[in-house]
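First comes the structure, then the notes that go with it.
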Amino acid sequence: MNYARFITATSAARKPSTIRVMTEILSKAPKSVISLATGAPNPNTFPFKTAVITIENGKPIQFNEQMMKRALQYSQSAGIPELLSWLKQLQVKLHNPPTIHYAPTQGQMDICVTCGSQEGLCKVFEMIVNPGDNILVNEPIYSGTIHALQPLGCNMINVSSDEHGIIPDSLREILSKWKPEDSKNPKKNSPKFLYTVPNGNNPSGNSLTAERKREIYELARKYDFLIIEDDPYYFMQFNKLLVSQLLYQWGEEGFLGHVDRVIDFYRKQRDALMAAADKWLSGLAEWHVPTAGMFLWVKIKGIHDVRKLIEEKAFKKEIFMLPGCGFYTDSSAPCPYFRASFSSASPEQMDLVSTIFSLEKH
3 MNYARFITAT
13 SAARKPSTIR
23 VMTEILSKAP
33 KSVISLATGA
43 PNPNTFPFKT
53 AVITIENGKP
63 IQFNEQMMKR
73 ALQYSQSAGI
83 PELLSWLKQL
93 QVKLHNPPTI
103 HYAPTQGQMD
113 ICVTCGSQEG
123 LCKVFEMIVN
133 PGDNILVNEP
143 IYSGTIHALQ
153 PLGCNMINVS
163 SDEHGIIPDS
173 LREILSKWKP
183 EDSKNPKKNS
193 PKFLYTVPNG
203 NNPSGNSLTA
213 ERKREIYELA
223 RKYDFLIIED
233 DPYYFMQFNK
243 LLVSQLLYQW
253 GEEGFLGHVD
263 RVIDFYRKQR
273 DALMAAADKW
283 LSGLAEWHVP
293 TAGMFLWVKI
303 KGIHDVRKLI
313 EEKAFKKEIF
323 MLPGCGFYTD
333 SSAPCPYFRA
343 SFSSASPEQM
353 DLVSTIFSLE
363 KH
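FYI, the numbering for the sequence shown is 3 to 364, going by the working numbering.
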């Protein structure tokens, strides 16, 4: 895979900072090295000396003074090496990407730790998006992605989706406007990438089936476009064998045990909201049961635009939800959908909200 054609001229012009290069070299140097090179602060001046973190099973994790100094000090740009190594091995255990065996010059898989996925997405978008580029999204789409892409001046082309995620035939129809060889001609402006949340899409809660993933991947190969997979809810899938049950053979029992408990919690939360919706909103609204994540995407029948209902009437009842218009590239257009989160409210609160909402709808 030749990734060079996807990089913007600005990104291609960037060169490594001498200081950052030196930081990486020093991180691998023996302790006997005397360094007058970097501007790293003296760790003896750090105000935090030790720390104790208690995890959910009551076990304390202690950070001694040396560990605290390292944690608070500058590190390599991609992240602390031990953390990167663990994350890379986790990816291999979960997905076994073939690119792990590629040469560095041929697109070998690598990892960079960012301050949350939103920062990572922004960095990727700024690295590959030129004004006027055609990119593929499937609305409704995470609002943070919309606001990250719109200032870059690209053309967002919507690919239709349903309760099983992106519809491959819709993607195929859009791509038929180009020839596969057009990807080699910048003037043809064939789509550069597809952005998607494959598991528990925010806000719709749908997930791509394995069959559809394969179809989409084959189209990406045929038309030579990237797939930017934003997957924050991979460990929050409800209707499949728990990932941790497949991975205990590799260790990491603490982390994977936590994953089990998180999935169980959110499944119960989802079921509580489903019970409330079935009880109070049947006949008034439409929805699909979320397969992952923490959101329910609801369409109110008989209302062209729910903005007033959500932003005024529900707000006066001290009920906060998000109108669906915020998850479309044209947020000014009328929208009959709203997003409800089941992450924090208690089952009793969900039932009360559904009751009030039912009365307001009537």
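C-beta atoms are modelled at their ideal positions from N, C-alpha and C, and glycine is treated no differently. Owing to the predicted nature of the structure, the values given are computational and were not obtained by experimental measurement.
If you look at Glu-165, you'll find it isn't in any alpha helix (DSSP H); DSSP assigns it neither H nor E.
At a Cβ-Cβ threshold of 8 angstroms, Asn-157 and Asn-136 count as neighbours.
Across the structure, Ser-13 and Leu-354 are spaced so that their CA atoms are roughly 51 angstroms apart. Around the Cβ of Asn-98, a 10 Å sphere holds fewer than 16 other Cβ atoms; the residue is exposed. The alpha carbon of Lys-186 has as its nearest neighbour, out of Tyr-219, Lys-224, Glu-26, the alpha carbon of Lys-224. Checking the DSSP bridge columns, you'll see Ser-356 has no partner listed.
Boundaries of the beta strand (DSSP E) around Met-158: 157–160. Per DSSP, the unbroken alpha helix (DSSP H) holding Tyr-268 starts and ends at 255–282. Cβ-Cβ distances below 8 angstroms link Thr-293 to Asn-201, Gly-202, Gly-207, Asn-208, Ser-209, Gln-239, Phe-240, Asn-241 in the same chain, with the five nearest sequence neighbours on each side left out; the list follows chain order. Following the DSSP letters along the chain, one finds Arg-174 inside the alpha helix (DSSP H) bounded by residues 170–177.
For Thr-198, the enclosing beta strand (DSSP E) starts and ends at 195–198.
Rounded to whole angstroms, the gap between the alpha carbons of Glu-183 and Ala-316 is 52 angstroms.
A contact between stretches requires three or more CB pairs, one per stretch, nearer than 8 angstroms, and the stretch 335–346 meets this requirement with the stretch 272–285. The stretch 67–82 and the stretch 13–32 touch, with three or more beta-carbon pairs separated by less than 8 angstroms. For Ser-333, no pairing in a beta bridge is given by DSSP.
Excluding sequence positions up to five before and after Tyr-330, its CB lies within less than 7 angstroms of the CB of Glu-141, Pro-142, Cys-337, all in the same chain and listed in chain order. In this structure Val-300 does not touch Pro-325 by the C-beta definition: roughly 11 angstroms separates them, more than the 8 angstroms allowed. Within the DSSP bridge table, the entry for Ile-130 names no partner. Assigned with DSSP and collapsed to three states, Asn-187 falls in coil, not helix or strand.
Residue range 20–29 is occupied by the alpha helix (DSSP H) that includes Thr-25. By DSSP's assignment, Asn-136 forms a beta bridge with Asn-157.
Its chain contains Ile-169, Ser-172 as the residues whose beta carbon lies nearer than 6 angstroms to that of Ser-162, once the 5 sequence neighbours on both sides are disregarded; these appear in chain order. Shown here, Tyr-236 sits in a helix according to DSSP, grouped into three states.
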